[in-house]
Each structure stands twice: as C-alpha cells, then as structure tokens.
Amino acid sequence: MRNLQIKNIWQDIKKQILEDRSVLVLNGLVLLLFLGMTVYVKMAGTYYGSDYYARVNFIKLLFAEPFRKDIPYLALFTHFSEILWCISLTICLFSFTLLKRIRHSHKGDPFILFSAIALTIFLLDDIFRLTLTLDLLVGIPKVIMYSLYGLGLVSYIVAFWRRILSTPYILLLAGFSLFIISGMADLLPIKGEGTPVILEDGSKILGLVNIILYFWDVCEKEVMRSRNLSNE
Numbered sequence: 109m110r111n112l113q114i115k116n117i118w119q120d121i122k123k124q125i126l127e128d129r130s131v132l133v134l135n136g137l138v139l140l141l142f143l144g145m146t147v148y149v150k151m152a153g154t155y156y157g158s159d160y161y162a163r164v165n166f167i168k169l170l171f172a173e174p175f176r177k178d179i180p181y182l183a184l185f186t187h188f189s190e191i192l193w194c195i196s197l198t199i200c201l202f203s204f205t206l207l208k209r210i211r212h213s214h215k216g217d218p219f220i221l222f223s224a225i226a227l228t229i230f231l232l233d234d235i236f237r238l239t240l241t242l243d244l245l246v247g248i249p250k251v252i253m254y255s256l257y258g259l260g261l262v263s264y265i266v267a268f269w270r271r272i273l274s275t276p277y278i279l280l281l282a283g284f285s286l287f288i289i290s291g292m293a294d295l296l297p298i299k300g301e302g303t304p305v306i307l308e309d310g311s312k313i314l315g316l317v318n319i320i321l322y323f324w325d326v327c328e329k330e331v332m333r334s335r336n337l338s339n340e
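Each residue of the sequence shown is one higher than the one before, starting from 109 at the first, in this note's numbering.
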C-alpha cells in the first residue's frame, strides 16, 4: 500500500513537471549558473592555486547582503522603489499571461507586453545602477541614457496613444512627469543637501505609485472584459 502511494505521488510529480516545461527550463538555467560558479572556483584550485581564494571571495561578494548593522536603515527607500518596480512589472506579466489563456491566443496583449518590457528595463537600471555605471566606467554621460529612455517612452506613447486615451491616462502622465523630474534632479546641480534627494528619489517613488495604480486599473479591466467576452 505504501509503495503504491509513493508510486502515485511520483507519477503525479512527473505529470506536473511535464505539463509545464518552463519549470524544467527555469530550474535548469539556475542550476547551470551555480554549476558554472562551482567550476569557476574549482578550476582555480586545480590549475591556479593562488587564484582560488580570490575567486571564492568574488563569489561571496556576489551573494553578499547590502546591510550594515550600524546603519540598518541604509538605502531603505532605494529598496522600496525597487519593490514598487517589481509590483508594477508583476501586474503586467501576470495579466499578459492570463489574457493569453483567456483569449486562447499566442499573441497576447501588445500594449501590456511592451509595458512590461519598459518596466523591466527601468527595473534593471534601478537595481544595477546601469546609468551610473555606464557613466563612471564607460564614460557614457547620464544625459545620453536619459535621452534614450525618453525616446523610448515617446515611441511607446506614439505606438499606443489610442489605447492610452481609453485608459485613466492621468495616472500614466503623472508617473512619466515625476520620472522626468527625477531625471532632471539627477542631472542638474541643485543646491542643498536634502532637496536634491527628495526631488530625485521622492518624485521617483511617487511616480511609481501612480504607475502601479495605472496598470492595476488597466490590467484588471482588460482581464474582466476578456473574461466576460469568453463567457458569452
């Protein structure tokens, strides 16, 4: 009896995995990443003994937690803004996937898809400080990166302006405007200590709140509309 239960559980597990191959793909990619790190360290110990501890320390730094016990609130609002980016991105990605299933379509909703792509780019820039890194290490001025982002947003609006006008676009407009203020505060030599920080990071957080509210409303209405149409 016990062997039968174990066999049934095993069969159920295999069925769940085979039903969604993305589970295997994503887990496989993560395992390959960790395997590559292991080989990277072991190769140093085998052929380049002097590099072993340097490589181990490098791996440790990759997983290091950005926390200081003497300043536990360090970068609190920076991390908060990253969470807000993730919330808006999750709303779009989940809704895009859900709409594909409701509509039985492989194309999905291009407006929500490109919104998710744009949010992903901004999220990566915020987490990894891409604009700052390119400025300091490569010499690409911040103004060029901000101009590229601005051009991307203009292209996004031009491509989907009809769709945007059918939504509560005041929230999207408020979010974009606050992002512009944040970027200008980063570029301009504003006097003072607290004022530049509030203008740059405070306006970004407020902009993200409006972006979340916008996509929450848009995605919820689109999912409900598609669901009602599929039930007719």
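Idealized CB from N, CA, C, for every residue including glycine.
Separation of residue j from residue i, as counted between CA atoms
i, j, result
"L201", "K208", "11 Å"
"T186", "S263", "28 Å"
"L170", "R163", "11 Å"
"T275", "F222", "16 Å"
"G247", "N339", "56 Å"
"E328", "Y160", "52 Å"
"L184", "D294", "19 Å"
"I199", "M151", "42 Å"
"F104", "Y322", "In this structure the chain extends from 109 to 340, so residue 104 is not present and cannot be described."
"L273", "P180", "44 Å"
"L314", "L140", "39 Å"
"W266", "W324", "First, the amino acid is wrong: residue 266 is Val here, not Trp. So the two alpha carbons sit approximately 22 Å from each other."
"D178", "V147", "36 Å"
"C194", "K123", "31 Å"
"L307", "I288", "10 Å"
"L286", "K312", "6 Å"
Cutoff 8 Å; reference residue i; Cβ partners in own chain excluding five residues on either side
i, result
"S334", "L207, I210 and R211"
"P249", "D243"
"T239", "D233, K250, M253 and Y254"
"G260", "A226 and I229"
Sequence-distant residues of its chain with Cβ nearer than 7 Å to residue i (five each side left out)
i, result
"V131", "I125"
"L197", "A224, L227, T228 and L231"
Cβ neighbours of residue i in the same chain (closer than 6 Å, five flanking residues each side left out)
i, result
"L337", "none"
"I298", "P304"
Residue(s) in a DSSP beta bridge with residue i
i, result
"I179", "R176"
Supposed close pair residue i, residue j - CB separation, criterion 8 Å
i, j, result
"V149", "I167", "6 Å"
"F204", "D217", "6 Å"
If you pair each beta-carbon of the stretch 310-330 with each one of the stretch 274-291, do three or more pairs fall below 8 Å?
yes
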